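There are 4 protein chains.
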Amino acid sequence: MDAKPLPSSRRELTKTQNRETILEAARLVFAQIGFASATVRDIIRATHLASGTFYNYFKSKEQVYQALRDEEALVLRPRLRQVRAQAVTAEEFIAESFRTFFWFEIEKGGAGNERFRLDSREVMAGFDELRQDILAAMTRGLLPVADAGLLTAALTGLAFELAEEIKRGAEVEKVTSFATALVLGGLGGLPKT
Amino acid sequence: MDAKPLPSSRRELTKTQNRETILEAARLVFAQIGFASATVRDIIRATHLASGTFYNYFKSKEQVYQALRDEEALVLRPRLRQVRAQAVTAEEFIAESFRTFFWFEIEKGGAGNERFRLDSREVMAGFDELRQDILAAMTRGLLPVADAGLLTAALTGLAFELAEEIKRGAEVEKVTSFATALVLGGLGGLPKT
Amino acid sequence: MDAKPLPSSRRELTKTQNRETILEAARLVFAQIGFASATVRDIIRATHLASGTFYNYFKSKEQVYQALRDEEALVLRPRLRQVRAQAVTAEEFIAESFRTFFWFEIEKGGAGNERFRLDSREVMAGFDELRQDILAAMTRGLLPVADAGLLTAALTGLAFELAEEIKRGAEVEKVTSFATALVLGGLGGLPKT
Amino acid sequence: MDAKPLPSSRRELTKTQNRETILEAARLVFAQIGFASATVRDIIRATHLASGTFYNYFKSKEQVYQALRDEEALVLRPRLRQVRAQAVTAEEFIAESFRTFFWFEIEKGGAGNERFRLDSREVMAGFDELRQDILAAMTRGLLPVADAGLLTAALTGLAFELAEEIKRGAEVEKVTSFATALVLGGLGGLPKT
DNA sequence: TATGAATGAGGCTTCATTCAT
DNA sequence: AATGAATGAAGCCTCATTCAT
């Protein structure tokens, strides 16, 4: 069941640790200065490792990015699929999706430079998964039938932009309620503040 | 009527043209590879000009970006303010805002690489203007009273993400209807596709 | 008798003025940042003229430098020759040389960046003239016979280094007395402060 | 005994050698075209190293210069202090100072371009040390009491300008005698050539 | 003659990547 | 594996100089 075997020797351990060190440094650097302006050197400098060591683990900045994405996706996407699958009302479907996403964004650690955030929409990669889940929910009558592609985009846009508000200090629950109310009932149903 | 006098000589003309050439090249380059990874050289290479010429017009990539932003903001923001000010129903307020934004995004042309789009959200420096207009609309009873900050973020997120769908081929009117229906009435009021 | 005819028309006048403008700007710039690091652009920028205009008057920075040197030499060297020729005692020969040089350095205008000062030893170009005058003075019994080359160098070194002290605030007369006493009688004959 | 441990591996050795290579090249370049007009590229071109390598050792031309100065000062200044401290007569004080300085200048090798010489006067950062030693010598009765600042400047000027004569071929001992005689007894006491 | 925009050479520096140790 | 110095391509920018107006 384990995707990766546990490190089985001292050497293995170090190997795993170095990889993690690099990923952690990259996450930090990307968050601070953005993926595009980050350099491999920046990542190495955020590390106690030598420059050559980087290349023992990754071929390029892009590859680190992929790894980071995969790691995040590995955590977030299953969580999202689960809450959506378990939803028995539209309200649950929507609210739990937002709530899960918002908490994850917080958990990821706040810094959150705009550039990386944006790129991080790809992290979600779960765009397609969301559309599929929406379609499934329409099929099973949970959500009214509508253009699934547009709805997916709409929810994504709401989620990312509202997540920014949370990073700026808004409360998760408040934002979740707001987003859910907006999606379920539109302007008319919004909480009165 | 012209704010700036027209070029008054061959020389002035060339100067104006070169500036435009650079801006146009920059727009293209930013759209293709994103602002952050674009280099001044990339921009120069996308023109027929010599490298030094760039610096006769702009001090840096950032400055070109500003010029581009200002140019766009100068066009888009007044349009948005106007449609919002003239709106006499919530439906008009919402629909016209989306429609105006979507048409503008198309007009701008750009392939629209994700990275630039994001940065280009600053183009909307009109974020604040939107919030103010929303507050004003709430005051005059056009929109129901709610958290203006969150609503601003929500509309922004919807607008940018749905604009992507349009760039991918969706029809402006269809997306406008969808977005408007979602905002006004939530999931329940969405067009049946 | 005039080396240069006076400007005879408006155009001539402007021409002369522009030349002077450039020379003046160059003098300033050289004094501030040194000849070697000064650029033609720096000189032009210190002027109200256009870059192209510079080349109507001088081919390069070096040529401006030459012109500046010539101008200075035209003033200083004849003065020095004269005082040395008129000297009837060794004391006069030495003292008047120093005094003349020191006053000239002050007159030139204080700023006096080290780099330009040094280069400006070439301005003196009168190195050879000094040697010849020393030889002549030895011949006519004014100065004791000794190695004229070394004496020339010695006086030059004294003059330039002590001129620095003057620029730092020492009084011309005091420094002149000091230098003269040192050269005529050595340490033993120096003023007691 | 060594302040710095000797290079302990092939690698360390190369590193030390490269540093020396760069310093040597810089010394040469500065001597030939002067510090101010020298470029980092000039220095690199005078080595077999790649451009980037320069920056593994120094951040800028200025830093190389500092290193060069420090290296020289480290050698010259203690020597000068020592001979001045050990002097028991005025003649020794003066003669040994000149002699030491002249030999050092020869030892340094350099073609000795004027510009570099001047800047290199800073090498003598020992200017202050000289003044202090002069004051001390006046106090202990070795030198007659006089204006120490002017005397310092005078000796410095003599030393640098006469060093030029040596570089042009004059003999060290002859120049030393000349300078010493001039300082001790003035024109009257100069050797008859 | 004066102008000032265009040019491209060339200086400075950082970067990704290699490779000997 | 880990190291980190070497490399040279490539980015940034300023410069001297030309030349159309």
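For the record, the sequence lines run as chains A, B, C and D.
In case it helps, our numbering puts the first sequence at residues 1 to 193.
In case it helps, our numbering puts the second sequence at residues 194 to 386.
In case it helps, our numbering puts the third sequence at residues 387 to 579.
In case it helps, our numbering puts the fourth sequence at residues 580 to 772.
Every residue, glycine too, gets a C-beta built ideally from N, C-alpha and C.
Note that the structure is predicted; figures quoted are calculated from it, not measured.
Supposed contact pair residue j and residue i - C-beta distance, whole angstroms, cut 8 Å
| i | j | result |
| --- | --- | --- |
| B:Pro384 | A:Leu187 | About 17 Å separates the two Cβ atoms, so there is no contact after all. |
| C:Arg463 | C:Gly535 | About 19 Å; that fails the 8 Å criterion. |
| D:Glu740 | C:Thr542 | 5 Å |
| B:Gly227 | A:Ala36 | 6 Å |
| A:Asp133 | A:Arg79 | Their Cβ separation, rounded to whole angstroms, is 13 Å, which puts A:Asp133 and A:Arg79 out of contact at 8 Å. |
| C:Val583 | C:Glu482 | For chain C, the structure presents residues 387 to 579; residue 583 of chain C sits outside this window and is missing. |
Backbone CA spacing between residue i and residue j [nearest angstrom]
| i | j | result |
| --- | --- | --- |
| A:Arg115 | D:Ala617 | Confidence is the limiting factor: at A:Arg115 the pLDDT is only 41, short of 50, which leaves the residue's position unreliable and the question unanswerable from this model. |
| C:Ala539 | C:Glu410 | 30 Å |
| A:Leu182 | B:Val365 | 22 Å |
| C:Leu454 | C:Ala565 | 28 Å |
| D:Arg620 | D:Ser630 | 7 Å |
| A:Gly189 | B:Ala352 | 20 Å |
| B:Glu213 | C:Glu458 | 50 Å |
| D:Ser756 | D:Phe672 | 13 Å |
| C:Leu504 | B:Gln256 | Caution is warranted here: a pLDDT of 44 is assigned to C:Leu504, below 50, making its placement in the model unreliable, and the coordinate value is therefore given only provisionally. Those two C-alpha atoms are separated by around 42 Å. |
| C:Gly498 | B:Ser253 | Any reading at C:Gly498 is ruled out, since the residue's pLDDT is 49, under 50, leaving its predicted position unreliable. |
| A:Leu142 | A:Phe98 | 17 Å |
| B:Ser313 | B:Tyr258 | A caution first: B:Ser313 carries a pLDDT of 47, below 50, which makes its placement in the model unreliable, though a value can still be read off. Roughly 9 Å separates the two Cα atoms. |
| B:Val268 | A:Gly169 | 32 Å |
| B:Asn211 | B:Leu221 | 15 Å |
| C:Thr579 | D:Arg719 | 17 Å |
| C:Tyr581 | C:Ile429 | Residue 581 of chain C lies beyond the range of chain C shown here (387 to 579); nothing can be said about it. |
| A:Thr89 | B:Leu323 | 33 Å |
| D:Phe683 | B:Ala239 | 57 Å |
| C:Ala522 | C:Ala471 | 9 Å |
| D:Thr593 | D:Asp649 | 22 Å |
| B:Ile215 | B:Glu205 | 15 Å |
| D:Glu686 | D:Leu730 | 26 Å |
| D:Asp726 | D:Phe637 | 41 Å |
| B:Thr209 | B:His241 | 15 Å |
| D:Gln611 | D:Ile745 | 17 Å |
| A:Val175 | B:Ala219 | 37 Å |
| A:Ala163 | A:Phe102 | 6 Å |
| B:Gly378 | B:Thr246 | 54 Å |
| A:Met138 | A:Asp128 | 15 Å |
| D:Phe609 | C:Phe416 | 20 Å |
Chain C contact residues for residue i, given Cβ-Cβ distances below 7 Å
| i | result |
| --- | --- |
| D:Glu750 | Under the 7 Å cutoff, chain C gives no residues; its nearest Cβ is about 11 Å from D:Glu750. |
| D:Ala715 | Those do not exist, as D:Ala715 stays about 15 Å from chain C at its closest Cβ, beyond 7 Å. |
Under 8 Å by beta carbon: chain B residues contacting residue i
| i | result |
| --- | --- |
| A:Leu142 | What A:Leu142 touches in chain B: nothing, since even the nearest Cβ is about 10 Å away. |
| A:Gly149 | Glu358, Ala363 |
| A:Ala90 | Leu380 |
Contacts of residue i in chain C (Cβ-Cβ under 8 Å)
| i | result |
| --- | --- |
| D:Ala725 | Phe564, Leu573, Leu576, Pro577, Lys578, Thr579 |
| D:Ala733 | Leu544, Glu547, Leu548, Phe564, Ala565, Leu568 |
Neighbouring residues, chain B, relative to residue i (Cβ below 9 Å)
| i | result |
| --- | --- |
| A:Val183 | Leu375, Gly379, Leu380 |
| A:Ser37 | Ala229, Ser230 |
Closer than 7 Å at the beta carbon, the chain D residues around residue i
| i | result |
| --- | --- |
| C:Phe546 | Gly736 |
Neighbour list for residue i in chain A, Cβ cutoff strictly below 7 Å
| i | result |
| --- | --- |
| B:Val368 | Leu150 |
Alpha helix (DSSP H) segments (min. 4 residues) lying fully within the stretch 326–370 of chain B
If only complete runs of 4 or more residues are kept, the stretch 326–370 of chain B shows the alpha helix (DSSP H) at 341–360, in order along the chain.
Going residue by residue through the stretch 610–646 of chain D, where are the continuous alpha helix (DSSP H) segments of at least 4 residues, counting only ones entirely within it? Those alpha helix (DSSP H) runs which fall completely within the stretch 610–646 of chain D and span 4+ residues are 619–624, 630–636.
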